[in-house]
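Written out below as structure tokens is the structure these notes cover.
Chains as they are written, first to last, in this note's numbering: chain A, 140 to 411; chain B, -15 to 308; chain C, 330 to 870.
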């Protein structure tokens, strides 16, 4: 028993001594989170004493945290809303956006599917339940199994805004909670249609041309592919030059930063 | 069985002894001490009650604003669940139906297998085999739910698509099969305990009258142990109702009521999956957030009423046995 | 007739019960066996030289001189691969060729600025190299051999121009002649196919061997090494040797997958040799060796579990489990003792029982919500502690979750102790408390241990309750119980739904799940052994 108390005491003491370095706190989107994670891991491998925490809660929470001064960088998969800006300015905080990467959402089907391209309208009608068989869009006579990401994900948000034009999906649409799951479902189901980030397209699923544009790094970064969006990091004003915050949110401009963005399945912005 | 009638409570037993050994003063002291001890024990036991009350309180507190915004009848009758749409609709009927479908189907698979296995372990095999098999079955409970989820998505779903030609492999059937497997250890374990707790007398009496094993088990053992078996089923059912991660991965999560209603090869979405899947990124203090907590309350009420029913059932069974 | 029916029904019933148990065991095997099979490959596998490089760099493990020799050996074989590839690419990779031409032109410009020449001369030379560059670019983009030859020959015409010799611009000529040479050797009609294929081949080779010697070290740890495992390498080789294609057999019917040999595709070109060479020398290129990587269980992980092991996860799981047991065992035991020994059948007790049953049925995700709102957002700030997810909060939440399991099992165990034991003790004048501790508790111990086993497995395996209360996917090793931690259960969930990287390392995904199962198995076995020993001891007395 004594030993236990001693152990606990020692543990608590050592804990209070930690955390002296200048802390950098990031909060926000689960989409941007992995990029921030990768950056943080790289920064820590160079400066082990750094204290960087990345919280993945959601874009709205990120904005709120920046407004309240709870974080240094807000990761957001959408631009700040008017209301959030107003709140921020009222509190003397001036959000500055850094676009760290582009996120393209690819509509994918099983590789055995003869359909090679669809228009945005067709995809929307499939998800709304108006088109239920592949033969209606020039494919084989197969019922369409429609797979969507969960409604709280950033990928869903992009798809919902850019493809669905904010219309409701049909009740028969299946939901999966991650990109790997969506990939696995499409890979194993011949009649499936789903959507995943560009990084998840491999030889097991085929990305469709949308409105006659093939999803590639070039078309996404160049803005010609219709289902793509920028990913942001917001700071309070432009960060003090040379500060950790400044280094962190301009890291995407370096070659290493772009490499990390790419390994996480996003499209680096400067790689035209 | 018959032993229960001879039970002397501790109070009675000590009451018999005390006047012989103790002075009235000591007796009083001992009485107060035991009362205090009992009170302390009672308080500790009440931790569970406290936990339940706290859970109810905290979940209800977050759900209350929702009920002031959206009428209860719309919540319970409407089948449209579009919490993120511009004109958000919170109809939970399809989700409730999904939970019911998955749970009932899971019970249909797991109850026969579970009870038969329990009978096999308690009445048919030797003690040695039982001592080996029971931990193995308990091991099934130790497999993390994520592992079952993997299995459901990567193995079971493609298999069902290829074998039965279902258009989608992640459906109510898939989820209920996996849930059945997850509920089985509980059902087998608890049912086996209650069946073997009956003791040999009843069985011996039945066998001596010339009954076969089948007749003994069906006419004597199972009726005598039925309270424990029902408890086992209800515990298994609760595991099925409350399971989250597996259902989220295996059921397909389409917020619809299958049409025709008996077609369990269609995707459904359960209450737990909805909470787990949507809670993470829902902004606080929004109708959607409150709605998820309202779903939590719904689940609590569901499990609580299941309990009340089972309690009623068990007490009636007890009384019936007492009269025999 | 009746008798035979009874006989048959009896046999059939016995058979049925046996079938159901067999079914159960079968399920266990079907679910567990493939998982364990795949998971074990996280620990036992054929490791290539890349694996040993990684171990050296990240964990400082292995013999440096031996490793250097091994690397040198494999590099000498790899050189040939790179050379063949580069030679072929000179004529194929027009994009990088164009880039080179542009760079040379730019470089020449800046060189001129440093030279002491007149403005006229400068403009003249600049426009000359610009024209040469544009000619080259036209040649690179052209698919017509005559046009290519014409352009390259025009460029080569300036080869001996004294103004360009010994300047950086002279590199343009080499570029042109090289291109012409390789353009003549390949079928230009297949150009598009080639350049598409070559990209995949290059990627496969990069996946196999990692970055080329001399290239800068990539930022991501994952990209610094090639295929560390033989199974990974086999996949890369498959991609390298075979192109996959989906072809139409009938219109409006599903496509059919076919495999095309790349060696066949590149027949007659420089690259053909590459495939044969690699097929023959694959062992020497990678040097695979069967390895037992037991450090998997203590190593930290890198790049979202791409490399490394599950050490911190195991630590976190054990910590949370033990701390949770510390709360739940006494609490459950006392509650059970009270319910059996002291409580009579009054409404208060009935309510308690009902609450315990309800608690058993509360969905695990609701426990998560409860743990977040009560322990972290309400209780911790109240007690002056920091309001954040931590091991303590997770353990407490899990303790509440398993409380009903513990109570129920102990209750059954205590109830099963024969009444005569207690009566004997009580009649000897022992107090109720003494009787319970010295007589009832030891006799009930096997059953109580069953309860411990069940709650232990539940605590270690649950994911949903710790989602919000103390588990993180990535983070430092916890220093105290007030830090959040990684756990095996949350870790496997996170890998299942995580990012792209976890998709590439199925062995690590399964490895983590299997580690969890094995950990629980070990804890279970411990408890079961304990249970049998106690049981034997009791019987012996």
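Glycine is no exception: its CB is placed at the ideal position from the N, C-alpha and C atoms.
Beta-carbon proximity check, residue i vs residue j, cutoff 9 Å
i: residue 669 of chain C; j: residue 740 of chain C; result: yes
i: residue 825 of chain C; j: residue 296 of chain B; result: no
i: residue 414 of chain C; j: residue 461 of chain C; result: no
i: residue 413 of chain A; j: residue 163 of chain A; result: This structure does not reach residue 413 of chain A, given that chain A is present from 140 up to 411, and the question cannot be answered.
i: residue 319 of chain A; j: residue 831 of chain C; result: yes
i: residue 778 of chain C; j: residue 859 of chain C; result: yes
i: residue 731 of chain C; j: residue 653 of chain C; result: yes
i: residue 559 of chain C; j: residue 372 of chain C; result: no
i: residue 467 of chain C; j: residue 438 of chain C; result: no
i: residue 691 of chain C; j: residue 36 of chain B; result: yes
i: residue 155 of chain B; j: residue 144 of chain B; result: yes
i: residue 117 of chain B; j: residue 179 of chain B; result: no
i: residue 582 of chain C; j: residue 575 of chain C; result: no
i: residue 773 of chain C; j: residue 745 of chain C; result: yes
i: residue 402 of chain C; j: residue 616 of chain C; result: yes
i: residue 339 of chain C; j: residue 197 of chain B; result: yes
i: residue 200 of chain B; j: residue 226 of chain B; result: no
i: residue 712 of chain C; j: residue 789 of chain C; result: no
i: residue 345 of chain A; j: residue 306 of chain A; result: no
i: residue 717 of chain C; j: residue 835 of chain C; result: no
i: residue 284 of chain B; j: residue 259 of chain B; result: no
i: residue 398 of chain A; j: residue 549 of chain C; result: yes
i: residue 64 of chain B; j: residue 291 of chain A; result: no
i: residue 334 of chain A; j: residue 235 of chain A; result: no
i: residue 303 of chain A; j: residue 267 of chain A; result: yes
Distance between beta carbons of residue j and residue i, contact taken as under 8 Å
i: residue 152 of chain B; j: residue 284 of chain A; result: 5 Å
i: residue 119 of chain B; j: residue 853 of chain C; result: 7 Å
i: residue 170 of chain B; j: residue 220 of chain B; result: 5 Å
i: residue 281 of chain B; j: residue 47 of chain B; result: 5 Å
Same chain only: Cβ atoms within 7 Å of residue i, ignoring 5 sequence neighbours per side
i: residue 215 of chain A; result: 167, 168, 171, 198, 201, 202, 371, 373
i: residue 628 of chain C; result: 388, 637, 638, 640
i: residue 383 of chain C; result: 554, 557, 636
i: residue 729 of chain C; result: 696
i: residue 404 of chain C; result: 542
i: residue 770 of chain C; result: none
Own chain, CB closer than 8 Å to residue i, minus 5 neighbours either side, in chain order
i: residue 592 of chain C; result: 570, 601, 604, 605
i: residue 85 of chain B; result: 156, 160, 242, 248, 252
i: residue 750 of chain C; result: 768, 769, 772
Own chain residues within Cβ distance below 6 Å of residue i, not counting five before or after
i: residue 865 of chain C; result: none
i: residue 726 of chain C; result: 696, 700, 794, 798
i: residue 648 of chain C; result: 720
i: residue 350 of chain A; result: 258, 259, 365
Can you give me, in chain order, the residues of the segment 226 to 257 of chain B that have a beta carbon less than 8 Å from any beta carbon in chain A?
232, 233, 236, 237, 238, 239, 240, 250, 251, 253
Given a limit of 7 Å on CB to CB distance, which residues of the segment 376 to 396 of chain C reach chain B?
none
Just list the alpha helix (DSSP H) runs in the segment 459 to 491 of chain C, keeping only unbroken ones of 4 residues or longer that don't cross its boundaries, in chain order.
474 to 485
Taking Cβ-Cβ distances below 9 Å as the criterion, which residues of the segment 665 to 692 of chain C are in contact with chain B?
665, 666, 667, 668, 670, 671, 672, 673, 677, 678, 679, 680, 681, 682, 683, 684, 685, 686, 687, 688, 689, 690, 691, 692
Give, in chain order, every residue of the segment 789 to 802 of chain C whose Cβ lies closer than 7 Å to some Cβ of chain B.
790, 792, 793
Any chance you could list the beta strand (DSSP E) runs of at least 3 consecutive residues sitting entirely within the segment 271 to 345 of chain A, in chain order?
284 to 288, 313 to 315, 331 to 336
Entirely enclosed alpha helix (DSSP H) segments - the segment 513 to 584 of chain C, minimum 4 residues
520 to 538, 559 to 570
Residues, ordered as in the chain, of the segment 396 to 408 of chain A that lie near chain C by beta-carbon distance below 8 Å:
396, 398, 399, 402, 403, 404
At a Cβ cut of 8 Å, what residues of the segment 575 to 588 of chain C count as close to chain A, listed as they run along the chain?
575, 577, 580, 581, 582, 583, 584, 585, 586
Members of the segment 542 to 553 of chain C near chain A, C-beta cut-off 9 Å
545, 547, 548, 549, 550, 551, 552
At what residue ranges does the segment 165 to 217 of chain A contain a whole run of the alpha helix (DSSP H), taking only runs of 4 or more?
172 to 185, 198 to 207
What are the complete beta strand (DSSP E) segments, minimum 3 residues, inside the segment 342 to 366 of chain C?
none
Enumerate, from N- to C-terminal direction, the unbroken alpha helix (DSSP H) stretches of 4 or more residues contained entirely within the segment 724 to 769 of chain C.
748 to 756, 761 to 764
Using a Cβ-Cβ cutoff of 7 Å, what residues of the segment 323 to 336 of chain A are near chain C? List them in chain order.
329
Counting only Cβ-Cβ distances shorter than 7 Å, please list the residues of the segment 46 to 66 of chain B near chain A, keeping chain order.
66
With 8 Å as the limit, tell me which residues of the segment 262 to 291 of chain A have their beta carbon closer than that to any beta carbon of chain C; keep them in chain order.
274, 277, 278, 279, 280, 281
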